Amino acid sequence: MIHSLFLINHLGDIFLEKHWKSVISRSVCDYFFEAREKAVDPENVPPVLQTPHHYLISIYRGKLFFLSVIQTEVPPLFVIEFLHRVADTFQDYFGGCSESVISDNVVIVYELLEEMLDNGFPLATESNVLKEMIRPPNILRSVVNTLTGGSNVGETLPQGQLSNIPWRRAGVKYTNNEAYFDVTEEIDAIVDKSGTTVSAEIQGVIEACVKLSGMPDLTMSFMNPRLLDDVSFHPCVRFRRWESERILSFIPPDGNFTLMTYHISSQNLVAIPVYVKQSISFFEAGSCGRLDITIGPKQTMGKTVEDLKVTVHMPKAVLNANLTASQGNYTYDFTTKLLVWDIGKLNPQKLPNLRGSLSMQTGVPNPEENPSLNIDLKIQQLAISGLKVSRLDMYGETYKPFKGVKYVTKAGKFQVRT
Amino acid sequence: MSASSAFNDEKGGSSSVGEPEYGHDPASGGIFSSDYKRHDDLKEMLDSNKDSLKLEAMKRIVAMIARGKNASDLFPAVVKNVACKNIEVKKLVYVYLVRYAEEQQDLALLSISTFQRGLKDPNQLIRASALRVLSSIRVTIIVPIMMLAIKEAASDMSPYVRKTAAHAIPKLYSLDPEQKDQLIEVIEKLLADKTTLVAGSVVMAFEEVCPERIDLIHKNYRKLCNLLIDVEEWGQVVIINMLTRYARTQFLNPNINESLLEEGGSGDKTFYGSDEDEDEDEEEKEKKAEAAAMAKRKPYVMDPDHRLLLRNTKPLLQSRNAAVVMAVAQLYFHLAPKAEVGVIAKALVRLLRSHSEVQYVVLQNVATMSIKRRGMFEPYLKSFYIRSTDPTQIKVLKLEVLTNLANETNISTILREFQTYIKSMDKDFVAATIQAIGRCATNISEVRDTCLNGLVQLLSNRDELVVAESVVVIKKLLQMQPEKHSDIIKHMAKLTDNIQVPMARASILWLIGEYCEHVPKIAPDVLRKMAKSFTNEEDIVKLQIINLAAKLYLTNSKQTKLLTQYVLNLAKYDQNYDIRDRARFIRQLIVPTEKSGALSKYAKKLFLALKPAPILESPFKDRDHFQLGSLSHLLNAKAGGYQELPDWPEAAPDPSVRNVEVPEWTKCSSREKRKEKKVEKPFYTDSEGESGPTESADSESDSASGSESSSGSEESGSGSESEESKEASESEEEEEEEEEEQKKKKKKDLKKPVQESESEQSSEEEERKHQRKSKPRKSESESESDEDEESESESSQSESEDSESEAEVKKKKKVQTRTAEPKPPPKPLKKESKKEKKEMSLLDLDDFEPAPSPQVTPVNTFLSNSLVTDLEGLSLSDSVLSPATIAPSSTLKSYELLHRITGEGLSVEYCFSRQPFSPDANMVAVQMQFTNNASSDTKNLHIEDVKLQSGMRVKEFPEIELLPAGETATAVMGIDFCDSTQAANFQLCTHTRKFFVSIQPPVGELMRPVFLTENEFKKEQGQLMGMNEITEKLTLDVKCRNEHAIVQRVTTAANLSRVPCGSDKECRFAGRTVTSGSLVLVTVATKEEGAAQLTVNCEKMVIGTMLVKDILQALTQ
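Spelled out as structure tokens, the structure:
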């Protein structure tokens, strides 16, 4: 399975290597560098590369490449998913997944990698299990450890590793028992020039933060579960119960986890919260362009739209933008050709507008395509699909937990073509 | 902040170590020396007594390893600490050891004893980690130690340790492949493990060590299916992939009936495949048609195990792990019936929201799937629309999927999308879009013109790449039907003035040259223009100008002769030798001179040959011969270690191999049997004295005990129930006794030609006087023979079965579903199971299975000779009256057609009833008895897919609509064996299942008795001399030296009637073969001392020879 792992920063330096079988020379990465060179963007590097003796499977996360070396047939998704899980674990442990963070914690990283894979086959990937074996670093503990000579490594085998519920550690105790659930929905939409919706989907996720003592058994039911026809669950959810009753029944992991994700496909009618009126044009003569964008509320279900932001990836020929915004402010980055208009709260009475002229490079033919607009927004206390949690019950423990559900709608890949 | 950096801060400048150093070149001198110093420093720390210092040193060493620096010179200092008490130090030492052991094998051996001690530790974590490290040390010398450790750990109490053992297997295998056999044993053992923790790891080991040993999976198949949902996600992926392969070898293609429809019937397919495409498919189609035709005869019924797999994997489509979802998706794609594959589309589309790498892989697979199963993804068309922010490789893949999904109904929306894509700034993507449009145009004829127009418009695009790509695509499109589009060719001719991209210019020139007859006026003009600008053109354009000139010269030499000469002259002095060569070559070909050879005659053929239109097809076509989701599929090349996905088998291998025996059951049953025998013994010895020949009693007791113990074993399936089961069996006995009585009465009333059973009964009667209780034992075997002859007795039996207490029946069923007894398996199985099998057959053989030889060995033949004799005459007189039932005394041997375990509760026996088969006199009547032992009703019992030798015919029995649980039914079918002993193969179908069965007749059953007088017999015999007469000398069996015994044995062996004979030294028999009606005459002449001579006269020599053999056997044994 996975033979070796190399971590490579955006400059192309290998700053960490780990081998689970015999050592493979770093020079194998040269093939990767070659491909990296060829692809202009780092995200255009093919995730799977073939070299004479090995296969290289890589992911790009947080400006780092996680490059794994494979020698024999293995499902590529298996490796990709695992690498992402590694990155997630780093994120979980160190609160970030950058080169500096990993270099600072290189020993813990190494210990983690050692536990996560055995001979290239995943051994323990549940964060609850890992945290019992290798404690995440924090300042207090590192001070204590240096004084007492204690260690970060657990001495017993985590219970979870042996039980049928590897995601929950045993003997959890809290003074305040609480369970919070965030229902977050992202709208992926493509709106064409005339304002009609080409495709719109909702990607929903229920994130949980459960801090309950003992072995609680939770059930969550929805007001309108038939909305959810395409779901994926954390392994803790009992699938059969969902199939028969449309109720989420689970023994939760301790701490933060993603309970479920769901997908409401483009076949359903998806509400689009804002409309965009825009005109971007470039003139042949005078080498200048004009830009005019107005945003207004469409289907917001009576809620206010917040954190509204428009990002435009301008053609190369645009040198500068001279615009005025009726609300919020804009920046134009000359090098990345990125125009960002940060609007903030959408006021339905006074629609925000951005207009002005663009100065173009002379002597270069005008771009034929108008850049598309990417919209960011946030609506609090609303799940745009209409999903609502109706009940959350706990069994198996006697105390009364504090429960809470929060809804947020965001724009995901929301794109307006011009 | 980790402790390590804190420590570094503390230490400050005392050591020249530090984080900022990575990136430096370790080879440069200054740092090299400091390396040495640092190592001394580390050695000191490692040698110290303080754990904290050791830990610090180890942390720094590990950091060095992580950065890829060489720390091997520290090996001795580090290895010393392998037994350190501090667990973190220990772990880090392990990390170091694993990394460098290979390089320093001798020193590494020092640490082995520590691990060996660790293997015995009471803490499972320590045991496991000791094994983990031990097996990770790649030192060949310790292979035997590793082997031992793995074997021990495989039977450890802790599942975690067993899991580690499974992980260690591939490690050892890669170190020393010669250990394979031993490792397979361990794998086999671990495969039987019932914990979810182990399952994934051991299957992984299986895949790496012995993926070809699919037979190891049989017994664990159902368990793996059932455990699957609880296995950790990585294990799930491995198991699902393995099971996909397994299922491909064990089950039948669920789409076999539909594959034809899919190919031909989908309507739009014909639009899609270009002509070449179809030709290619033709062969394949034929094959499929054959298969489908074959399949048409039998409706496909899915193996329940196949269904189990599909059912248990489906929930995993909801997994959060993309690899699991993909694994299930490929399983469904490769294994599910077409109608059910659709479920995976939704899950795959969901994955498109994941990381771009995941998208990349998923889209590749979707692209492959969408070619085969377009309908599946059509509803999700919009999910494949492209955003400007997608990475190019994702865009191109989405484009591929969209193109595959295009059909008449959605093409307009797709083309509209494509229009937006063409304006993209990403030029590679635009080029791909243009190609996609070209493919849509070739596939969907309705939009071909629209696409062409759109592409022609693109010719005026400012971007050269776009124009060039469009020209190339247009060229391909025009090549398909040039005559329709002369105006486009004209338009393109005009474009030559503007387009500067060489590739595009070259393409246009080629088009004009190729289709110059469609544009006769313009072509010479273009050549004129080109001749003017020849010197300034790019090389590829020049080459095409020469080509154009040559073609025009051949078709229109009047107008272009001079121009061509001019162009060729220009080319002659070109700087590029390619062009000079081409010019020289073409001049020789087209301009006839005295020197030019025969080739010039064919110039026209050379230049104006019809060129095949290029095929625009998906690069993903036919990629599905790789298992989807695999690395090989992604790369479209076989990766190392890839296991080929096997084709569906033509016929399903024996499904019973997956039946799992409950180990307690075998033990229990054998014990039960022993007990039973003990009980029986006394009264058998009792009866022995009375009932005459010992042998018969023995054989009876055998058969009786067999049947009894089989029922006993059924009941004892769960040990705890044994008490009840005994009661039950007792009650059964009583009931059977009653039934016996009834039967007797009936039989007396009937008094039909059932002499044998009568005789048996009478003998029983004798027994009964002595030992009343012994009777029920016999009832079973007796009733068996009865059933074959009389429907009455059957009904009585079924009645008795009805009367069985319900609980009893239930229990039986329960056991039936649980216990399973393998038929003789097609493949050799492991020793263990063989042993078990032997036990089983001991239990069951007498009950169901026929003696291996076709010869009939009646159970009760010798019971009462005198009675047989008495009845003999009776039968003869009877036979005169009703020749139809002339069948002389014989117990009919019944054969097993379907064992109740193979048949999943349905058992079928058949016998040759020796009755004339009324619908067709040329057929042999086969009476079948169906018994439903299952807990549910069996419906629609019928025959299908009869496979016969030529000439043979079968008259099927009428379909049995319903066979309720626990019921028995009989039916008679006729088979015309064409006077041969070839087997008739067919499928016995129920509403859920199909069973392959075959009936092979003993030669004696291929004839029907005829009545001849002595004179007729002699006359016929006289005509069947020479080659048609076969004579054998024999010594009669001791027990068979009187006439009656001989008659008895001969008529049992063959369906013949006795011919009266004056001499008492001779017995004569006559019959005719069923199909051809050839006479069969048998004479047994007895002499002194048991010597005898057997003569068979038969027109059909083969039949004669076989019959001699059979009768000989019957008489001598």
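Going line by line, the protein sequences match chains A and B.
Just remember that my numbering sits 59 ahead of the position in the first sequence, which is counted from 1.
Just remember that my numbering sits 4 ahead of the position in the second sequence, which is counted from 1.
A virtual CB, placed ideally from N, CA and C, is assigned to each residue, including glycine.
Small disclaimer: the values here were computed from a predicted structure and weren't measured.
Listed along chain B, no residue sits closer than 9 Å to K462(A) by beta-carbon distance, the nearest being about 23 Å off. Residues of the region 268-300 of chain A with a C-beta atom less than 9 Å from some C-beta of chain B are D288, D289, V290, S291, F292, H293, P294, V296, F298 and R299, listed in chain order. Counting C-beta pairs with one atom in each stretch, the region 633-645 of chain B and the region 116-136 of chain A have three or more that are closer than 8 Å, which means they touch. Each residue's CA atom was taken as its position, placing I260(B) and R904(B) some 28 Å apart. In the structure shown, L401(B) falls within a helical segment according to DSSP collapsed to helix, strand and coil.
In terms of Cβ geometry, L176(B) and L194(B) do not form a close pair [threshold 9 Å]. N369(B) sits in a helix when the DSSP states are folded into three classes. Against chain B, the beta carbon of Q337(A) has no neighbour under 7 Å; the closest one sits roughly 15 Å away. Annotation: Q1052(B) is outside any beta strand (DSSP E); the continuous alpha helix (DSSP H) that includes it extends over E1047 to A1057. Against R249(B), chain A offers no close residue; the least beta-carbon distance is about 12 Å (beta-carbon pairs closer than 9 Å). Taken through DSSP and simplified to helix, strand or coil, E344(B) comes out as helix. In the same chain as E76(A), and ignoring 5 residues on each side of it, the C-beta atoms closer than 8 Å to its own belong to S63, L64, F65, L66 and R85, in chain order. Using beta-carbon distances, S157(A) does not count as an interface residue toward chain B, since no partner is under 9 Å. Taking 8 Å as the upper bound for CB-CB distance, L531(B) and H489(B) are not in contact here, some 20 Å apart. Rounded to the nearest whole angstrom, the C-alpha separation of D309(B) and I218(B) is 15 Å. H946(B) has C993(B) as its beta-bridge partners, per DSSP. Under DSSP, R120(A) shares a beta bridge with L123(A). The three-state secondary structure of D77(B), taken from DSSP, is helix. Cβ contact annotation for T394(A) (same chain, cutoff 6 Å, sequence separation greater than five): none. Neighbours of G72(B) in chain A, taken as residues whose beta carbon is under 7 Å from its own, are I73, E76 and R85 in chain order. By the Cβ rule, the region 546-556 of chain B counts as touching the region 498-513 of chain B, because three or more pairs are nearer than 8 Å.
Taking a 10 Å sphere around the C-beta of V523(B), we find 16 or more other C-beta atoms and assign the residue as buried. A384(A) is a Cβ neighbour of P411(A), given a cutoff of 9 Å.
Here A170(B) is near S205(B), since their CB atoms are less than 9 Å apart.
DSSP, read as helix, strand or coil, puts A146(A) in helix. Comparing alpha-carbon positions, the option among V329(A), T320(A), S325(A) and L398(A) lying closest to D351(A) turns out to be L398(A).
For G155(A), DSSP assigns no beta-bridge partner whatsoever.
Of L966(B), G1108(B), P258(B) and A973(B), the smallest CA-CA separation from L1010(B) is found for G1108(B). The beta carbon of I118(A) falls within 9 Å of a beta carbon belonging to chain B, placing the residue at that interface.
Distances from the CA of E304(A) to each of L287(A), F316(A), N315(A) and L318(A) were compared; the closest alpha carbon is that of L287(A). Against chain A, the beta carbon of V305(B) has no neighbour under 8 Å; the closest one sits roughly 26 Å away. Runs of the beta strand (DSSP E) lying entirely within the region 389-462 of chain A and spanning at least 3 residues, in chain order: 397-403, 412-419, 432-439 and 448-454. Rounded to the nearest angstrom, the gap between the Cα atoms of S159(B) and M150(B) is 15 Å. For Q334(B), same chain residues with a beta-carbon under 6 Å away, outside a window of 5 residues either side, are L632 and G633 in chain order. Across the region 403-437 of chain B, CB contacts with chain A closer than 8 Å involve E421, T424, K427, S428 and M429, in sequence order along the chain. Check the Cα spacing between K427(B) and each of N465(B), S939(B) and E960(B): the tightest is with N465(B).
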